[in-house]
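Student: I'd like to ask you about the structure that follows.
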Amino acid sequence: MEMKLIYPKWPKLPNQPEFNLPPVGPTVFAAALPERVKVRFYDENVEPIDFGGSCDLVGISCMLTCQTPRAFELADRFRSEGKTVMMGGIAVMLHAEEAAEHADCVFLGEAEGRMETVISDFENGRLKKVYNYLGDFPDTRLIGTARRDILKRDLYNYRGIQMVDLVHASRGCRFNCFPCCTPYLGGRRFRPRPIDKVVEELESIDNNRLFIVDNSLAQDDEWEKELFRAIAPLKKKWISHPIKDDEEILKLAEKAGCWYVYQAVFDTSDYIRDRIRRYKDHGIGVEGTIILGTDDQTLDDIRRLVDFLLEIDLDLAEFTVLTPFPHSSIAASLEEQGRILHRDWKRYTAGEVVFKPAKMTVDELQWAYQYAWDTFYYDCSKEFKMAKLYLDVMKKEEADGSARELRPNRRRWGREA
Ligand code: SF4
Numbered sequence: 001m002e003m004k005l006i007y008p009k010w011p012k013l014p015n016q017p018e019f020n021l022p023p024v025g026p027t028v029f030a031a032a033l034p035e036r037v038k039v040r041f042y043d044e045n046v047e048p049i050d051f052g053g054s055c056d057l058v059g060i061s062c063m064l065t066c067q068t069p070r071a072f073e074l075a076d077r078f079r080s081e082g083k084t085v086m087m088g089g090i091a092v093m094l095h096a097e098e099a100a101e102h103a104d105c106v107f108l109g110e111a112e113g114r115m116e117t118v119i120s121d122f123e124n125g126r127l128k129k130v131y132n133y134l135g136d137f138p139d140t141r142l143i144g145t146a147r148r149d150i151l152k153r154d155l156y157n158y159r160g161i162q163m164v165d166l167v168h169a170s171r172g173c174r175f176n177c178f179p180c181c182t183p184y185l186g187g188r189r190f191r192p193r194p195i196d197k198v199v200e201e202l203e204s205i206d207n208n209r210l211f212i213v214d215n216s217l218a219q220d221d222e223w224e225k226e227l228f229r230a231i232a233p234l235k236k237k238w239i240s241h242p243i244k245d246d247e248e249i250l251k252l253a254e255k256a257g258c259w260y261v262y263q264a265v266f267d268t269s270d271y272i273r274d275r276i277r278r279y280k281d282h283g284i285g286v287e288g289t290i291i292l293g294t295d296d297q298t299l300d301d302i303r304r305l306v307d308f309l310l311e312i313d314l315d316l317a318e319f320t321v322l323t324p325f326p327h328s329s330i331a332a333s334l335e336e337q338g339r340i341l342h343r344d345w346k347r348y349t350a351g352e353v354v355f356k357p358a359k360m361t362v363d364e365l366q367w368a369y370q371y372a373w374d375t376f377y378y379d380c381s382k383e384f385k386m387a388k389l390y391l392d393v394m395k396k397e398e399a400d401g402s403a404r405e406l407r408p409n410r411r412r413w414g415r416e417a
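Counting from 1, one number per residue, gives the positions in the sequence shown under full-length UniProt numbering.
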């Protein structure tokens with residue numbers, strides 16, 4: 001049987017460079033499908049969807065809240081043409097009831113070990129409206145190597161540079177940060193994959209630069225050390241979310257090829273200053289992730305925070321506006337206080353204020369968001385700062401002999417495909 005698998009377009013933040021990373025959700029989902037399902041994949045962010053041609057089933061994979069309006073539109077269109085539509089992915093788990101209004105079938109939860117049942121139900125004409133596995137997590141030994149072969153790889157280039165490939169070494173998160181939906185989606189338990197399976201997957205990826213997209217690597221010291229020791233011989237260079245602030249672990253991360261990390265910066269404390277310095281002492285770059293609009297912040301606090309980021313010499317900063325995504329604890333408390341302005345999901349980009357802030361007006365917070373981007377990048381654009389990080393990684397690759405030839409994107413430059 002044949003499945004058309006769609007990853008809908010989503011609105012980019014206006015301040016972000018126009019590049020697209022190969023999506024991980026659809027490739028992980030495809031790996032969980034029975035072998036008899038042939039997948040034709042379309043990422044609408046980089047290519048038009050082929051609405052023509054036949055297929056047995058349409059799958060729509062959706063990661064972001066702001067992607068759901070387009071996902072629902074696409075589902076309606078395919079269904080009006082007589083196709084059966086199944087939807088899944090993180091954002092579908094957050095918006096399950098709405099998704100069920102647009103799809104024939106909604107799959108909630110993680111797909112491993114469940115797709116044989118779903119597909120044979122479909123083949124036998126008894127597809128259920130909802131398969132709900134929320135909170136019922138599969139054994140991580142079942143997670144296979146993502147099906148990156150379904151991607152059209154040369155579409156994931158930026159100015160001729162191949163984008164990083166995304167990979168998971170674990171799922172779940174034992175922390176419970178207030179703006180985050182992960183506790184609802186992936187559970188409060190750290191669920192590592194077997195390290196040999198992670199190494200096998202990393203080895204199979206035809207790309208030296210990766211993004212280990214785990215929620216946080218800093219969840220189990222022994223596992224983290226074992227992982228870094230195991231992947232060091234591969235000489236891959238990788239990005240991740242935070243690494244444990246521990247001298248031995250940072251040294252191992254450096255040896256294992258850590259290129260740069262995303263690190264939340266929430267205040268101007270010496271702790272944050274030293275945390276960033278310790279990464280940099282190990283040759284690890286830092287992209288700060290900064291949420292604006294928390295209840296304790298004033299406009300002056302935001303101005304001071306931006307000055308601080310410049311002073312501590314962050315390599316990159318990603319500013320977002322606090323956003324009450326469904327099933328986060330911040331959504332529950334703002335809801336209770338009647339401070340959510342609307343639920344127009346396409347505006348839930350984390351670049352637009354959708355709630356009433358505590359110590360600013362809506363307009364002031366919107367202004368502060370733009371002020372933060374403009375001020376941090378006032379003398380050097382994000383593209384330029386990223387180029388510096390790329391130069392760093394190229395030097396590391398030259399040094400350990402893992403450098404690869406750059407792959408020009410022929411389509412982009414109009415040469416033969
Ligand atoms: S923000 Fe990160 S560390 Fe905190 S709960 Fe979410 S995934 Fe875990």
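From the three backbone atoms N, C-alpha and C, an ideal C-beta is built for every residue, glycine too.
1. Rounded to whole angstroms, what is the Cα-Cα separation between Leu252 and Ile272?
2. What does the Cβ neighbour count give for His102, buried or exposed, with the cut at 16 atoms within 10 Å?
3. Which same chain residues, not among the five before or five after Arg189, have their C-beta less than 7 Å away from its C-beta?
4. Could you check if Cys105 belongs to the surroundings of the ligand SF4, using beta carbon to heavy atom distance under 7 Å?
5. Just mark residue 430 as buried or exposed, buried being the case when its beta carbon has 16 or more other beta carbons within 10 Å.
6. As a quick exercise: from Phe355, Val393, Lys346 and Asp307, pick the residue whose alpha carbon is nearest that of Trp373.
7. According to DSSP, is Ser240 helix, strand or coil?
8. Would you list the residues sitting across from Phe178 in a DSSP beta bridge?
9. Which two residues bound the contiguous alpha helix (DSSP H) that contains Thr68?
10. Would you call the CB atoms of Phe319 and Leu334 closer than 8 Å?
11. Is Thr182 near the ligand SF4, with its Cβ less than 7 Å from a heavy atom?
12. Tell me which residue opens and which closes the beta strand (DSSP E) that Tyr260 is part of.
13. Pick helix, strand or coil for Ser61, following the three-state DSSP scheme.
14. Taking its Cβ as the centre, do 16 or more other Cβ atoms sit within 10 Å of residue 426, making it buried, or is it exposed?
15. Looking only at its own chain, which residues have a Cβ that is under 6 Å from the Cβ of Val353, when we skip the five neighbours before and after it?
16. Quick check on Cys380: buried or exposed, where buried means 16 or more other Cβ atoms within 10 Å of its Cβ?
17. Measuring only from the beta carbon, is Ser240 closer than 7 Å to any heavy atom that is part of the ligand SF4?
18. Look up Val24 in the DSSP assignment and say whether it is helix, strand or coil.
19. Nearest CA to the CA of Glu263: which residue from Arg278, Lys346, Pro8 and Val130?
20. Examine the Cβ distances between the region 16-24 and the region 125-141 and report whether three or more of them are shorter than 8 Å.
21. Hey, would you say Tyr390 sits closer than 8 Å to Ile161, going by beta carbons?
22. Which residues mark the beginning and the end of the alpha helix (DSSP H) in which Leu299 is found?
23. Between which two residues does the alpha helix (DSSP H) holding Glu44 run?
24. Residues in its own chain within less than 8 Å of Ile302 by CB, not counting five upstream and five downstream?
25. Can you check whether the CB of Lys280 is closer than 8 Å to the CB of Gly257?
26. According to DSSP, simplified to helix, strand and coil, what is Asp214?
27. Roughly how many angstroms separate the alpha carbons of Leu406 and Arg159, rounded to a whole number?
28. Would you kindly work out how many angstroms separate the C-alpha atoms of Glu397 and Asp56, rounded to a whole number?
Tutor: Answer, in terms of the structure:
1. C-alpha separation (whole angstroms): 21 Å.
2. It is buried - the Cβ of His102 has at least 16 other Cβ atoms within 10 Å.
3. Same-chain partners within the cutoff: Gly172 and Arg174.
4. Answer for Cys105: no, Cβ out of range of the ligand SF4.
5. Since the displayed the chain opens at 1 and closes at 417, residue 430 lies outside it and no answer follows.
6. The shortest Cα separation from Trp373 among Phe355, Val393, Lys346 and Asp307 belongs to Asp307.
7. Note: Ser240 maps to strand in three-state DSSP.
8. Residue pairing for Phe178: DSSP places it in no beta bridge.
9. Per DSSP, the unbroken alpha helix (DSSP H) holding Thr68 starts and ends at Thr68 to Ser80.
10. Phe319 places its beta carbon 8 Å or farther from that of Leu334.
11. Result yes, Cβ under 7 Å from the ligand SF4.
12. Where Tyr260 is concerned, the enclosing beta strand (DSSP E) stretches over Cys258 to Ala264.
13. Three-state result, Ser61: strand.
14. Residue coverage of the chain in this structure runs from 1 to 417, which leaves residue 426 outside it and unanswerable.
15. For Val353, the CB contacts under 6 Å within the same chain, skipping 5 residues up- and downstream, are Val321, Val362, Leu365 and Gln366 in chain order.
16. Exposed, since its Cβ has fewer than 16 Cβ neighbours within 10 Å.
17. Not a single heavy atom of the ligand SF4 lies less than 7 Å from the C-beta of Ser240.
18. In this structure, DSSP gives Val24 a state outside helix and strand, which the three-state scheme calls coil.
19. A small correction: the amino acid at residue 263 is Gln; Glu does not occupy that position in the sequence shown. That would be Arg278, whose Cα lies nearest to the Cα of Gln263.
20. No, they do not touch.
21. Yes; because the gap between Cβ atoms is below 8 Å, this pair is in contact.
22. It spans Leu299 to Glu311 - the alpha helix (DSSP H) in which Leu299 sits, taken as one unbroken run.
23. Per DSSP, Glu44 is not a residue of any alpha helix (DSSP H), being assigned neither H nor E.
24. For Ile302, where only same-chain residues beyond five positions count, the Cβ hits under 8 Å are Leu292, Ala368, Tyr371 and Ala372.
25. In this structure, Lys280 does not lie closer than 8 Å to Gly257 by Cβ.
26. Note: Asp214 maps to coil in three-state DSSP.
27. With a pLDDT of 47 at Leu406, under the threshold of 50, the modelled position of this residue cannot be trusted, and the question is left open.
28. Looking at the two C-alpha atoms, the distance is approximately 45 Å.
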